[in-house]
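> Below you will find the structure I want to go over with you.
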Amino acid sequence: MVFIRDPCGIACLIVTYGAVIYADYVVMRWIILTTMPVSIWAPFHVVLFNTVVFLLGMSHLKAVFSDPGIVPLPANRLDFSDLHTTNNGNKNGNGNGHGSEWTVCTRCETYRPPRAHHCRICKRCIRRMDHHCPWINNCVGERNQKYFLQFLVYVGILSLYSVALILGSWISPCTECNQNVIESQLRMIHSVILLLESALFGLFVTAIMVDQLHAILYDETAVEAIQQKGAYRPNRRKYQLLADVFGRGHPALWLLPCASLNHASRYHDTPLLSHDV
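Each step along the sequence shown adds one to the number in full-length UniProt numbering, with nothing skipped, and position 159 is 159.
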């Protein structure tokens with residue numbers, strides 16, 4: 001388990017869980033219990049909505065605390081002092097060969113495998129690093145990209161679900177529900193706030209999800225796209241590229257935040273650096 005002590009990332013974690021808890025509160029208290037107290041659909045929505053919240057929380061926690069693919073440091077520090085004073089290779093520790101060559105990170109002062117990049121926030125090199133995401137307070141790398149994508153999917157589902165429930169309560173209001181003016185006004189205020197929150201987060205995660213799927217299907221991380229390196233394995237099938245991230249199990253199981261389903265697909269490029277170097 002890892003946890004990055006980054007103030008911005010910690011603030012984003014608080015905002016994320018605050019938004020999810022608020023959405024659950026509004027849907028349970030002001031939508032389901034208030035507008036459909038005698039409906040047979042009420043228990044169905046309660047179970048289904050909270051199931052999505054649970055899966056969202058599990059995938060997010062996995063993305064936050066999972067090792068994204070940190071390149072381990074050798075037991076004995078290596079001498080790279082000459083690289084700090086020369087212009088050859090990776091001057092700032094951020095360059096990376098596109099082939100199968102290992103490179104040297106002058107910040108970590110260690111060798112790193114192909115596609116590994118140094119994160120200035122995590123202060124370590126990350127295997128197949130895509131970017132550092134403050135919303136999970138962690139890097140998105142080889143070992144946790146699956147959980148990050150699951151988190152995006154469940155946030156999108158929860159946003160759509162919330163919008164559907166709110167619009168449904170407005171289109172077909174409960175005529176048998178006895179509500180005073182204050183309760184009606186509070187329900188409307190909470191519904192409007194949740195509608196704006198769901199629309200904002202829904203559009204935001206959709207954009208990131210499309211970007212992540214593009215990076216997987218074309219096998220080019222965000223760092224590699226900035227460096228204009230092109231696809232790393234252009235001849236791989238799209239299904240194989242997805243399986244490298246989500247695991248070799250059945251595609252129907254890809255949205256379950258279970259580590260056991262992802263073991264077979266890990267370490268598909270180059271083994272991690274041994275601590276015995």
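Virtual Cβ for every residue (Gly too), placed ideally from N, Cα, C.
For the alpha helix (DSSP H) holding residue 27, just list the boundary residues, first then last.
Here residue 27 refers to the residue found at position 27 when the sequence shown is read from its first residue. Counting along the chain, residue 27 falls outside any alpha helix (DSSP H), and DSSP gives it neither H nor E.
> Which residues in the same chain as residue 151 place their Cβ atom closer than 6 Å to its Cβ, once the five residues preceding and following it in sequence are excluded?
Looking up residue 151 in the sequence shown gives position 151. For residue 151, where only same-chain residues beyond five positions count, the Cβ hits under 6 Å are 59, 60 and 63.
> Excluding the five sequence neighbours on either side, which residues of its own chain have a C-beta within less than 8 Å of the C-beta of residue 217, listed in chain order?
Here residue 217 refers to the residue found at position 217 of the sequence shown. Answer for residue 217: 238, 241 and 242, listed in chain order.
> Among 121, 49 and 20, which has the Cα closest to the Cα of residue 32?
Your numbering for residue 32 matches position 32 in the sequence shown. Answer by Cα proximity: 49.
> Please return the same chain residues whose Cβ sits closer than 8 Å to the Cβ of residue 163, not counting the five positions on each side in sequence.
On the sequence shown, position 163 is the one that residue 163 refers to. So the qualifying residues of the chain are 195, 198, 199 and 202.
> Measuring alpha carbon to alpha carbon, tell me which of 141, 250 and 52 ends up nearest residue 67.
Residue mapping note: residue 67 aligns to position 67 of the sequence shown, counting from 1. Nearest of 141, 250 and 52 to residue 67, Cα basis: 141.
> Figure out for me which residue from 144, 112 and 121 has the closest Cα to the Cα of residue 9.
Here the question's residue 9 lines up with position 9 in the sequence shown. Comparing Cα positions, the closest option is 121.
> Which of the three DSSP states, helix, strand or coil, is assigned to residue 103?
Here residue 103 corresponds to residue number 103 of the sequence shown, with the count starting at 1. Residue 103 falls in the strand class under three-state DSSP.
> Where does residue 111 fall in DSSP's three states?
Residue 111 sits at position 111 when you count from the first residue of the sequence shown. Note: residue 111 maps to strand in three-state DSSP.
> By a C-beta neighbour count over all protein chains shown, 10 Å radius and 16 as the cutoff for buried, is residue 214 buried or exposed?
Locating residue 214 in the sequence shown gives position 214, where the first residue counts as 1. Label assigned to residue 214: exposed.
> Can you give the Cα-Cα distance for residue 24 and residue 155, rounded to whole angstroms?
Residue mapping note: residue 24 aligns to position 24 of the sequence shown, counting from 1. Residue mapping note: residue 155 aligns to position 155 of the sequence shown, counting from 1. The alpha-carbon atoms of residue 24 and residue 155 are separated by roughly 12 Å.
> Taking the C-alpha atoms as reference points, what is the distance between residue 132 and residue 149?
Position 132 of the sequence shown, counting from 1, holds the residue named residue 132. Position 149 of the sequence shown, counting from 1, holds the residue named residue 149. So the two alpha carbons sit approximately 14 Å from each other.
> Based on DSSP bridge pairs, tell me the residues matched to residue 138.
Here residue 138 refers to the residue found at position 138 when the sequence shown is read from its first residue. The partner list for residue 138 (beta bridge, DSSP) reads 133.
> Tell me whether residue 118 sits in a helix, a strand or coil according to DSSP, three-state version.
Numbered from 1 along the sequence shown, position 118 holds the residue referred to as residue 118. In this structure, residue 118 counts as strand in the three-state DSSP scheme.
> Assuming residue 12 contacts residue 135 (C-beta within less than 8 Å), just tell me the rounded distance between them.
In the sequence shown, counting from the first residue as 1, residue 12 sits at position 12. In the sequence shown, counting from the first residue as 1, residue 135 sits at position 135. Sure, about 5 Å apart at Cβ, within 8 Å.
> How many angstroms separate the CA atom of residue 208 from the CA atom of residue 117?
Here residue 208 is taken as the residue at index 208 of the sequence shown, counted from 1. Here residue 117 is taken as the residue at index 117 of the sequence shown, counted from 1. The alpha-carbon atoms of residue 208 and residue 117 are separated by roughly 20 Å.
> Would you give the residue range spanned by the beta strand (DSSP E) that residue 124 belongs to?
The residue given as residue 124 occupies position 124 in the sequence shown. Note, residue 124: beta strand (DSSP E), 124-126.
> Exposed or buried, residue 69, counting other C-beta atoms within 10 Å across all chains shown (16 or more means buried)?
Numbered from its first residue, the sequence shown carries residue 69 at position 69. Classification for residue 69: buried.
> Identify the residues that DSSP records as bridge partners of residue 70: which are they?
Locating residue 70 in the sequence shown gives position 70, where the first residue counts as 1. Bridge partners of residue 70: 126.
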